[in-house]
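A.B. asks: Heads up: the sequence shown begins at 1 in my numbering, then just goes up one per residue. Backbone N, C-alpha and C fix where the C-beta goes; we use that ideal spot for every residue, glycine too. Let me give you the structure first, and then I'll get to my questions.
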Amino acid sequence: MAALAIDGELTPDGNLSRYLREIRRFPMLELNEEQNLAQRWLKKNDLDAGHKLVTSHLRLVAKIAMGYRGYGLPLGELISQGNVGMMQAIKRFDPDRGFRLATYAMWWIRAAIQEYILHSWSLVKMGTTAAQKKLFFNLRRLKGQMQAIDDGDMTPEAVTHIAQQLNVPEEDVVNMNRRLAAKDHSLNAPLRDEGEDQWQDLLVDENESQETALVQADELAHRRRLLADA
Numbered sequence: 001m002a003a004l005a006i007d008g009e010l011t012p013d014g015n016l017s018r019y020l021r022e023i024r025r026f027p028m029l030e031l032n033e034e035q036n037l038a039q040r041w042l043k044k045n046d047l048d049a050g051h052k053l054v055t056s057h058l059r060l061v062a063k064i065a066m067g068y069r070g071y072g073l074p075l076g077e078l079i080s081q082g083n084v085g086m087m088q089a090i091k092r093f094d095p096d097r098g099f100r101l102a103t104y105a106m107w108w109i110r111a112a113i114q115e116y117i118l119h120s121w122s123l124v125k126m127g128t129t130a131a132q133k134k135l136f137f138n139l140r141r142l143k144g145q146m147q148a149i150d151d152g153d154m155t156p157e158a159v160t161h162i163a164q165q166l167n168v169p170e171e172d173v174v175n176m177n178r179r180l181a182a183k184d185h186s187l188n189a190p191l192r193d194e195g196e197d198q199w200q201d202l203l204v205d206e207n208e209s210q211e212t213a214l215v216q217a218d219e220l221a222h223r224r225r226l227l228a229d230a
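Given below as structure tokens:
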């Protein structure tokens, strides 16, 4: 099978603000078009079809990457890794399984980004157990739910609650929190000192996200199918 690749000019490694604008011009695919392209790629190794599948989901990759912006790594690098995961998903995607590509690809995109973050943070020194990884990627979310976001240590009550939620020792929670104490990149931070553009202006449409709506609808339909077959 021929190798999928993103055009060299379409990369987040250079001018990120330009890249984020460029990917907005690629429309999301209707179901029939997506299935047709996927079949052409799967059965005929049609690179043009594979390229259209990739470009139509670049905004999805960028939005998923934004969710990991608090780990101190450049957003462009996270998007690049997410794009690698996206291409891996397309290589393995079977449209006859009944899922939309966006639903299937989300796991591959997240996995690629998470592996890159773990490698960049040298998690080997922090511990590579499943519990450590779960703590690493869920601590910020749980702190946000508890409104415990700050730059210092958490309260003993917050530490206990999170340790119980994730089934990890309280000491691990404290240590991980200190490692993640670096400031998050603000979603509203200007792209350039003299510019007015903001990350959210380039990533969020005025209407409801097509990617989000698609994934939510697809997951709901999948649950209904499971219930019907039960």
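Which value, in whole angstroms, describes the spacing of the CA atoms of Ser56 and Gln39?
C.D. replies: Numbered from 1 along the sequence shown, position 56 holds the residue referred to as residue 56. Numbered from 1 along the sequence shown, position 39 holds the residue referred to as residue 39. Going by the C-alpha atoms only, they are around 16 Å apart.
A.B. asks: With C-beta atoms as the reference, is Ala163 less than 8 Å away from Pro156?
C.D. replies: Position 163 of the sequence shown, counting from 1, holds the residue named residue 163. Position 156 of the sequence shown, counting from 1, holds the residue named residue 156. Their beta carbons are not under 8 Å apart, which means Ala163 does not touch Pro156 by this criterion.
A.B. asks: Which value, in whole angstroms, describes the spacing of the CA atoms of Lys134 and Gly50?
C.D. replies: Residue mapping note: residue 134 aligns to position 134 of the sequence shown, counting from 1. Residue mapping note: residue 50 aligns to position 50 of the sequence shown, counting from 1. C-alpha separation (whole angstroms): 33 Å.
A.B. asks: Under DSSP, the alpha helix (DSSP H) around Pro156 begins and ends at which residues?
C.D. replies: As a position in the sequence shown, residue 156 is number 156, starting the count at 1. Per DSSP, Pro156 belongs to the alpha helix (DSSP H) from 156-166.
A.B. asks: Could you give the DSSP three-state label for Ser180: helix, strand or coil?
C.D. replies: Translated into positions along the sequence shown, residue 180 becomes position 180. The identity of residue 180 in the sequence shown is Leu, whereas the question assumes Ser. DSSP places Leu180 in coil when its eight states are reduced to three.
A.B. asks: Tell me the DSSP secondary structure of His119 in three-state form.
C.D. replies: As a first step, residue 119 is located in the sequence shown; it is residue number 119 there, counting from the start. Correct three-state label for His119: helix.
A.B. asks: Are the beta-carbon atoms belonging to Trp41 and Ile90 less than 8 Å from one another?
C.D. replies: Within the sequence shown, numbered from 1, the residue matching residue 41 stands at position 41. Within the sequence shown, numbered from 1, the residue matching residue 90 stands at position 90. Yes, Cβ-Cβ distance for Trp41 and Ile90 is below 8 Å.
A.B. asks: Once you ignore the five residues that flank Ala62 on each side, which residues in its own chain have a CB closer than 7 Å to its CB?
C.D. replies: As a working note, residue 62 is residue 62 in the sequence shown. Result list for Ala62: Leu20, Ile23, Ile79, Leu203, in chain order.
A.B. asks: Where are the alpha helix (DSSP H) runs, 4 residues long or more, that stay fully inside the region 35-81, in chain order?
C.D. replies: Counting only runs of 4 or more, we get 47-55, 58-66.
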